[in-house]
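J.:
Residue numbers (the UniProt record's numbering): 1 to 216.
(1) Tell me whether residue 19 sits in a helix, a strand or coil according to DSSP, three-state version.
(2) Let me know the alpha helix (DSSP H) ranges lying completely inside the segment 125-149, each 4 residues or longer, listed in chain order.
(3) Who are the near neighbours of residue 13 in its chain, counting only those whose CB is closer than 8 Å to its CB and skipping five residues on each side?
(4) Can you tell me the Cα-Cα spacing of residue 198 and residue 65, whole angstroms?
(5) What residues are listed by DSSP as bridge partners for residue 191?
(6) When the distance is taken between beta carbons, is residue 10 closer than 8 Å to residue 169?
(7) Is residue 166 helix, strand or coil by DSSP?
(8) Count the other C-beta atoms from every protein chain shown that fall within 10 angstroms of the C-beta of residue 203, then say buried if there are 16 or more, exposed otherwise.
(9) Under 6 Å Cβ to Cβ from residue 209, same chain only, skipping five residues before and after it: list those, please.
(10) Under a Cβ-count criterion, where at least 16 other Cβ atoms within 10 Å of its own Cβ denotes burial, should residue 184 be classed as buried or exposed?
(11) Would you call the segment 42-50 and the segment 78-87 in contact, with 3 or more CB pairs under 8 Å?
(12) What does the alpha-carbon distance come out to for the pair residue 140 and residue 175?
(13) Looking at the secondary structure, which residues open and close the alpha helix (DSSP H) in which residue 84 lies?
(14) Cα separation between residue 39 and residue 120?
(15) Quick one: what does DSSP say residue 38 is sitting in, helix, strand or coil?
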């Protein structure tokens with residue numbers, strides 16, 4: 001997998017100004033992932049979830065992000081947790097060695113089909129058989145403001161659900177059909193809906209899935 005680093009400048013700038021709020025449901029995690037598991041927060045941002053994991057008794061945690069500024073903030077705020085920058089070739093962790101991956105509001109930051117498919121394949125390879133992918137992201141929203149944005153970008157040939165935020169981030173909300181196909185190699189075992197506040201302060205619908213990599 002090759003990482004598209006073309007949007008790195010935006011997220012480096014966001015490291016000092018944005019607040020990310022997708023909630024980590026520790027009870028949901030604990031039902032599926034043991035405390036001694038290797039947990040990777042892929043797209044960890046400033047390290048908020050890694051700190052929550054450590055406080056909940058998960059000691060084997062790694063935070064990964066392709067933004068050096070995000071990783072610098074995470075290391076400063078949460079010493080003692082391992083944080084690494086994802087390079088162009090992707091994570092350096094060996095395939096089949098990770099017990100659980102958190103993917104929180106990361107798909108929304110990767111708007112194109114090809115990169116999302118590549119990420120799904122990469123995460124499938126990183127996880128052990130029976131490993132867990134804890135996904136948290138945005139479905140299509142039903143309000144007029146978002147519907148107009150989706151339609152504008154779809155008319156320009158982009159996947160439906162892609163739009164540009166007021167401050168210049170190209171992001172994506174997702175149809176159920178796309179998500180089902182994207183994670184077709186996984187088994188979905190749990191799901192829930194919630195409301196979240198976006199990085200720009202808007203209230204939006206969100207969802208969380210527990211996905212399992214099946215045994216061969």
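Think of the CB as a built atom: it goes at the ideal place given N, C-alpha and C, for glycine as much as any other residue.
T.: On the basis of the data shown:
(1) coil
(2) none
(3) 69
(4) 19 Å
(5) 209
(6) yes
(7) coil
(8) exposed
(9) 135, 188, 191
(10) exposed
(11) yes
(12) 6 Å
(13) Where residue 84 is concerned, there is no enclosing alpha helix (DSSP H), although the beta strand (DSSP E) it sits in stretches over 82-85.
(14) 17 Å
(15) coil
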